[in-house]
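Mapped onto our numbering, the consecutive letters of the sequence shown carry residue numbers 327 to 955. Glycine included, C-beta positions come from ideal geometry on N, C-alpha and C. Note that the structure is predicted; figures quoted are calculated from it, not measured. Report on the structure given below.
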Amino acid sequence: MKETKFISQNKEKWSEFEDMLRNNKRDPDKLNRLFIEITDDLSYARTFYPNRSVRVFLNILAQRVFHNIYKGKRFPVERLRLFWTETLPKTMWETRRALLLSFSVFALAFTIGVLSSIINPEFARVILGDGYVDMTIENIEKGDPMAVYKESAPLGMTVGIAANNLFVAFRTAIFGVIASIGTLLIMLYNGIMIGAFQYFFIQKGLFWESFLTVWIHGTLEISAIIIAGAAGLVAGSGLLFPGTYRRVQAFQISMRQGLVIFLGIVPIIVLAAIFEGFLTRYTETPDFIRGLFIATSLFFVIWYFVWLPWHKARTGAFSKAEQGSELPPDKTEPLGFSQIKTSGEIFGDAVTMMRRNARRIFLNCLIGVGVFIGYVMLFASESLTELFPFRRSMWGVWYGMIDFFGNEKVPYLYYLQLLLLVFVFISAFRVIEREVLKSVRPADTVELEENTMGRVRNLLIRIPYMAVVGPAVLLVFNVHDPGLLWLYAMFAFPFLALWQAVIWFERTNPVYAFLRAFKMIRWGTSFVLGLLMINLTLLVFLFLDTPIWEMALELFRWLVPPEEGALRTFMVVTTATVAAFLLYCFFAFLAFCGVFQLFSYREISDAGNLHAGIEQVGKARQIRGLARE
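Below you can see the structure in the form of structure tokens.
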């Protein structure tokens, strides 16, 4: 059968199949019948038209329905099983030296804590605080030294401890990006604290009572912290030891390994919190049972995280494990702008876009910072230390940035920030426009796409549109409840980014763009994307609230004049400058995420790439070569 006749006979069926994919109310039986017919047509095309466009079109159509119907149904059980039986043990084996180093650092710090307590009996007060030490002494005098574990309701205690320990473990792992220095410092502090804590009870003659009580949950809890330390060391190793990879590529690989390790200890941390909330309080339990419980927990940790990886590596049982995820596109590889992508792929592409254009993005953000700080210093009615009184608490800098937008002591500051954010958004969109052009035509023609005046005219036309979106973006900073802000931002930021991308790339008005974005958005994908963006951003800003940041500023103390208050002013100005820079970088990254959302969701809702394939069916000519995959 000729190709043209084959197309004419089946074109109506293929169109009907496309319509069913777009229709939310699908007939399962009819869809199943059509899918079977499509796959039959694909088999026929592969046999008789292997190098023609019709085979490519049918292949795309079959892949699309497979993605929409089947792909999501096979994820939970098989992928979850492979993670716990293959991926995590394989990663632990590959990073066994980091685990050994983390354990060694913790053991050394534990020893330092014990020796320091022996030399100075008051050392426990320095590390644990007077309040905790006095409370424990009071409980000892009452005859119940472990009463602290009985004061709260089990469920509430479990939730609070789990949240705190997850945060500590995550901070331990994520601070490895600072060339592993942050992880080492946290491990040293935790080890010294545990050593001082344990020796405090030895001084009081309560070693066995404290050991059999605390280590019921502490075995899993401390093991998880040590493994989190290994995750942090692995995350930072890519920067220090790139091997044959480029340093950025090595960092990406090591970060993925660190993330796998951290995900593996999340259930351990939650289980330890359950033990602490529900079991540790029963101090009257016979010593043998408590000791057996501790030994069982220790056996499990050693078996799963040490012996099992060693055993699988020795027996070659890792043959079925994943061989590692592909690296994101390099600087020379084009990004895909016509594929349907997951939240992780969108996030990864946005990171790649930031990396490729880091110089331009950072320069634009620095320009914004210079304008912001200069404007505040010129027009503020008070000093910067009074304008930006960053609190010395967790997320103090993050919440202090509210004053970057709504400060009555600086006239028109809100409108200045709005213009600066518009500038950052437009700069990011211009960068990604160039990338889109590079993906469809030679790079040397990009500069010829628009003349200078044309680009300026388009920018001026679009600024009013962006100004409508700006106030909605800034509403996020008027939410003061931490939990509500966190949840709101995860939903709001991805949608607002998509809205702006529709305004810019489809050159439409804000009202229509809002309706269009609301119609095409996939809330599940966007929520996961928002979760990744917001949590990463909060962790970056958390660094500005740590002693490490203050220590870094202290290194430049010699540059500060000796006048009273000069050091405080220097620290506030520097912190505000860095916070503003990170804020503008976040919004540039947000713009990139919005654009990749747009292209992915547009392909799902409009199937533009698929329609382009339909239009090319039968149009290929021998003179232009055969159509190939």
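Local conformation of residue i per DSSP, three classes
i: Ala488; result: helix
i: Lys397; result: Only weak support exists for where Lys397 lies, its pLDDT of 48 falling under 50; the value from the coordinates is given anyway. Reduced to three states, the DSSP call for Lys397 is helix.
i: Lys328; result: coil
i: Phe663; result: coil
i: Asn733; result: coil
i: Ala479; result: coil
i: Gly569; result: coil
i: Tyr814; result: helix
i: Gly642; result: coil
i: Glu759; result: helix
i: Phe882; result: coil
i: Thr668; result: coil
i: Thr901; result: helix
i: Tyr738; result: coil
i: Thr872; result: coil
i: Glu929; result: helix
i: Tyr910; result: helix
i: Arg718; result: coil
i: Thr895; result: helix
i: Tyr370; result: helix
i: Pro376; result: coil
i: Ile364; result: helix
i: Thr678; result: helix
i: Glu344; result: helix
i: Arg607; result: coil
Element boundaries [alpha helix (DSSP H), containing residue i]
i: Ser580; result: 573-604
i: Ala522; result: 507-529
i: Asn690; result: 684-705
i: Met846; result: 836-846
i: Ala556; result: 533-566
i: Glu712; result: 710-713
i: Phe867; result: 849-868
i: Phe501; result: Neither: Phe501 is in no alpha helix (DSSP H) and is coded neither H nor E.
i: Asp613; result: 613-628
i: Trp633; result: From DSSP, Trp633 is part of no alpha helix (DSSP H); its letter is neither H nor E.
i: Tyr725; result: 722-726
CB-CB length for residue i against residue j, believed under 8 Å
i: Val560; j: Ile587; result: 7 Å
i: Trp830; j: Phe918; result: The Cβ separation is near 12 Å, so there is no contact.
i: Met679; j: Leu909; result: With a Cβ gap of about 18 Å, Met679 and Leu909 do not count as contacting.
i: Thr498; j: Ala599; result: Going by Cβ atoms, the distance from Thr498 to Ala599 rounds to 16 Å, so no, they are not a contact pair.
i: Gly920; j: Leu824; result: 5 Å
i: Leu746; j: Val702; result: Actually they do not touch by this definition, with Cβ atoms about 12 Å apart.
i: Thr711; j: Arg894; result: 6 Å
i: Ile699; j: Thr903; result: 6 Å
i: Pro471; j: Leu532; result: 5 Å
i: Leu739; j: Ser623; result: Incorrect: roughly 55 Å between the Cβ atoms, too far for contact.
i: Phe749; j: Gly674; result: The Cβ separation is near 26 Å, so there is no contact.
i: Pro447; j: Gln529; result: 7 Å
i: Leu454; j: Met519; result: 7 Å
i: Pro635; j: Trp419; result: 4 Å
i: Val837; j: Leu924; result: Contact doesn't hold; Cβ gap of about 17 Å is too wide.
i: Thr509; j: Gly439; result: So it is not a contact: roughly 18 Å between Cβ atoms.
Beta carbon of residue i nearer than 7 Å to that of residue j
i: Val898; j: Phe714; result: yes
i: Lys845; j: Phe644; result: no
i: Leu414; j: Gly590; result: yes
i: Ser506; j: Gly562; result: yes
i: Ala905; j: Val736; result: no
i: Ala914; j: Ile758; result: no
i: Phe626; j: His543; result: no
i: Gly856; j: Met816; result: yes
i: Gly517; j: Ala435; result: yes
i: Ala433; j: Ala522; result: no
i: Arg378; j: Glu329; result: yes
i: Phe922; j: Ile672; result: yes
i: Val854; j: Ser669; result: yes
i: Arg607; j: Lys476; result: yes
i: Gly555; j: Ser664; result: no
i: Leu408; j: Ala388; result: no
i: Glu929; j: Ile666; result: yes
i: Cys691; j: Phe869; result: no
Any chain C beta carbon closer than 7 Å to residue i
i: Leu408; result: The structure shown contains no chain C; it is built from a single protein chain.
(request) Quick one: which unbroken alpha helix (DSSP H) runs of 4-plus residues sit fully inside the stretch 398-423? Chain order, please. (result) 402-408, 414-420
(request) Within the stretch 421-472, note down every full alpha helix (DSSP H) run reaching 4 residues or more, in order along the chain. (result) 422-445, 449-454, 456-467
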